[in-house]
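A.B. asks:
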Amino acid sequence: MFKTIREFENLHIVLWLLKDFCWVSEFKIAGMIMVLPTVGVGIYITWLSRFTRSDFYHNLAVCCWIIANCVWMTGEFFFNDGTRPLAKVFFISGLVLVSLYYLVFLRRDKSVGS
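Mapping the sequence shown onto the numbering used here, position 48 (from 1) lands on 46, and the numbers just tick up by one.
Okay, here's the thing in structure tokens:
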């Protein structure tokens, strides 16, 4: 069905948009159901990209971002917006991962490719 990582990325965008639409529309059950395929496809894309360091680190950061997004949504739905501190941990983790890539690995990858 899907032959390339790009096709999975496009599917991921659709799933993420559906999840976020459910969030802003306050469709709690549908929003929570959409967490599983959205996170699952993000993890699968990350797995597929594991052999290309740049893509892998960026996709790990995207997984952190979508998990943070899901934690935040869950908090707004069920915990009086009380999960933001946990969501921040995932957002910061994503930032740390891409920072690590740009500060450490990008230079190494460019010197190897030269």
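For glycine and all other residues, C-beta sits at the position ideal for the given N, C-alpha and C.
Using only the alpha-carbon positions, how far apart do S112 and G73 sit?
C.D. replies: Here residue 112 refers to the residue found at position 114 of the sequence shown. Here residue 73 refers to the residue found at position 75 of the sequence shown. Confidence at S112 is low in this model, with a pLDDT of 49, below 50, so its placement is unreliable and the value that follows should be read with caution. Between S112 and G73, the C-alpha separation is close to 47 Å.
A.B. asks: Does the separation of the CB atoms of S99 and R48 fall below 9 Å?
C.D. replies: Numbered from its first residue, the sequence shown carries residue 99 at position 101. Numbered from its first residue, the sequence shown carries residue 48 at position 50. The identity of residue 99 in the sequence shown is Tyr, whereas the question assumes Ser. Going by C-beta atoms, Y99 is not nearer than 9 Å to R48.
A.B. asks: If you drop the 5 nearest sequence neighbours on each side, which residues of the same chain put their C-beta closer than 6 Å to that of S91?
C.D. replies: One-based indexing of the sequence shown puts residue 91 at position 93. Closer than 6 Å at the Cβ level, and outside the excluded window around S91, lie C62.
A.B. asks: Kindly list the residues whose CB is nearer than 7 Å to the CB of W21, restricted to its own chain and excluding five residues on each side of it in sequence; keep chain order.
C.D. replies: Sequence index remark: in the sequence shown, residue 21 carries index 23 (1-based). The answer, listed in chain order, is G29, M71.
A.B. asks: With a 10 Å radius around its C-beta and 16 neighbouring C-beta atoms as the bar for buried, classify G40 as buried or exposed.
C.D. replies: Counting from 1 along the sequence shown, the entry for residue 40 is found at position 42. It is buried - the Cβ of G40 has at least 16 other Cβ atoms within 10 Å.
A.B. asks: So for S91, helix, strand or coil by DSSP?
C.D. replies: Position 93 of the sequence shown, counting from 1, holds the residue named residue 91. Looking at S91 - three-state DSSP - the assignment turns out to be helix.
A.B. asks: Between the Cα of V60 and the Cα atoms of K26, F76, H10, which residue gives the shortest distance?
C.D. replies: Here residue 60 refers to the residue found at position 62 when the sequence shown is read from its first residue. That would be H10, whose Cα lies nearest to the Cα of V60.
A.B. asks: Helix, strand or coil: which one does DSSP assign to E138?
C.D. replies: The chain is shown only over -1 to 112; residue 138 falls outside these bounds and no answer can be derived.
A.B. asks: Grouping DSSP H, G and I as helix and E and B as strand, with all else coil, what is T50?
C.D. replies: Within the sequence shown, numbered from 1, the residue matching residue 50 stands at position 52. In this structure, T50 counts as coil in the three-state DSSP scheme.
A.B. asks: Closest by CA to V94, which one among N57, V69, E5, I27?
C.D. replies: Sequence index remark: in the sequence shown, residue 94 carries index 96 (1-based). Nearest C-alpha to V94: N57.
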